[in-house]
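For reference, the structure is listed below as structure tokens.
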Amino acid sequence: MDTPLRSVIVITEKFRAISSVEHAVLNNTQIVVAPHDRGLQGLTNAISAALKGRKANNIAFIFNSTLNSVQICLEEDQRLCLFNLESVKTCFELRNFFLYVSSAFLTQELGSKRVDFLACSNAGTQEAQALLQELRSLLGSDIEVSLSRELWGLDVIIQRNIDERGRNYRVGDVYYKPDKLRTLTASSGQSLAGFEKIRIVGKGAYGTAVLYRKKDDDSLVILKEINMHDLTAQERLLCLNEIKTAPPRLVAAAEAAAA
């Protein structure tokens with residue numbers, strides 16, 4: 028007998044941190060790696076094949092974010108299907124896709140149901156609130172919808188002060204262990220040879236945050252650059268402690284898209 032599902036994560040095959048997500052998911056969470064070049068129907072087929080008739084309480088989407096857009100998939104006519112306010116409002120096929128997903132793969136029982144968009148650059152734009160309202164209007168009042176700019180979903184709080192330590196329950200907690208995911212994505216260090224430097228996006232006490240584009244797939248990352256030679260021994264220790272407690276963002280997604 029199949030194990031009951033709590034959550035589903037639908038993640039495009041173009042997303043670079045798939046392995047990290049797979050190692051951080053909670054029990055009873057199904058990951059669906061979706062093809063990028065088979066259109067919305069191919070995306071639907073991939074979800075259906077993976078779930079095998081099962082339904083979940085929560086579904087998260089992780090699409091492919093570049094500097095200028097969030098790409099859901101490539102249609103058969105080579106047209107990109109984008110995720111933005113205009114497409115959600117006017118694209119008949121996309122609206123039908125979200126309606127079908129919510130009815131076919133979300134449980135119809137009473138209780139909390141969610142559709143979340145993680146690592147989504149739209150969350151950091153002026154259209155974010157209007158996009159949320161459009162999605163909520165489309166899917167209905169019984170389904171909670173959120174946009175998280177972060178892969179690990181720490182920027183969307185579902186419930187505050189859930190324990191004596193005052194900890195908040197965030198959207199990332201629904202699907203995986205966010206702190207573990209942060210560590211995994213930050214520790215997957217790689218050479219900068221395949222990256223193009225775009226611009227500096229911030230400065231801190233011990234370094235500079237720089238936005239890079241990965242040359243082979245246009246995905247984005249923010250790296251914190253620190254010159255240890257310019258620091259005293261005490262400053263190096265403080266810097267290393269800071270990195271350990273708050274790993275640099277190294278996510279091939281919209282996390283880095285908004286300057």
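Add 27 to a position in the sequence shown, counting from 1, and you land on the number used in our numbering.
In this text, a Cβ means the ideal position worked out from N, Cα and C, and glycines have one as well.
Over the uninterrupted beta strand (DSSP E) stretch that includes residue i, give me the two end residues.
i, result
"residue 224", "222-231"
"residue 173", "171-174"
"residue 90", "No beta strand (DSSP E) contains residue 90, which DSSP labels as neither H nor E."
"residue 37", "34-39"
"residue 238", "234-241"
"residue 186", "184-186"
"residue 107", "107-109"
Going by alpha carbons, who is nearest to residue i out of the options?
i, options, result
"residue 261", "86, 233 and 114", "233"
"residue 51", "223, 202 and 237", "202"
"residue 181", "190, 164, 161 and 207", "207"
"residue 45", "204, 249, 89 and 134", "89"
"residue 142", "151, 153 and 130", "130"
"residue 123", "166, 111, 252 and 79", "166"
"residue 125", "68, 93 and 92", "68"
"residue 241", "200, 91, 169 and 193", "91"
"residue 61", "48, 47 and 41", "41"
"residue 185", "77, 171 and 33", "171"
"residue 95", "105, 79, 110 and 81", "110"
"residue 226", "212, 247, 71 and 211", "247"
"residue 132", "204, 195, 75 and 121", "75"
"residue 43", "191, 212 and 57", "212"
"residue 179", "162, 147 and 190", "147"
"residue 81", "53, 34 and 112", "34"
"residue 149", "205, 112, 168 and 54", "112"
"residue 59", "78, 53 and 47", "78"
"residue 105", "164, 39, 252 and 63", "63"
With DSSP collapsed to three states, give me the class of residue i.
i, result
"residue 146", "coil"
"residue 253", "coil"
"residue 119", "helix"
"residue 53", "coil"
"residue 155", "helix"
"residue 259", "coil"
"residue 165", "helix"
"residue 101", "strand"
"residue 279", "The predicted model places residue 279 with a pLDDT of 33, which falls under 50 and marks its position as unreliable; any figure quoted below should be read in that light. Reduced to three states, the DSSP call for residue 279 is coil."
"residue 44", "coil"
"residue 141", "strand"
"residue 247", "strand"
"residue 133", "strand"
Excluding the 5 residues preceding and the 5 following residue i in the sequence, name in chain order all residues of the same chain whose CB lies nearer than 7 Å to its CB.
i, result
"residue 183", "173, 175, 197 and 198"
"residue 169", "140"
"residue 187", "195"
With respect to the alpha helix (DSSP H) encompassing residue i, which residues constitute its N-terminal and C-terminal limits?
i, result
"residue 72", "66-78"
"residue 201", "198-202"
Do we get a CB-CB distance below 8 Å when we pair residue i with the residues of chain C?
i, result
"residue 117", "Chain labels in this structure do not include chain C; a single protein chain is all it has."
Please work out which residues of its chain come closer than 6 Å, Cβ to Cβ, to residue i, disregarding the five sequence neighbours upstream and downstream, and give them in chain order.
i, result
"residue 87", "36, 143, 145 and 202"
"residue 121", "114"
Given residue i, which residues of its chain have a CB within under 8 Å of its CB, disregarding the five upstream and five downstream residues?
i, result
"residue 103", "65 and 66"
"residue 229", "235 and 236"
"residue 83", "32, 33, 34, 35, 57, 132, 133 and 134"
"residue 154", "111 and 112"
*Three CB pairs or more closer than 8 Å across the region 132-142 and the region 94-114*: Output reads no: the region 94-114 does not touch the region 132-142.
*Would you check if the region 154-169 and the region 107-127 touch, i.e. whether three or more CB-CB distances between them fall below 8 Å?*
Output reads yes: the region 154-169 touches the region 107-127.
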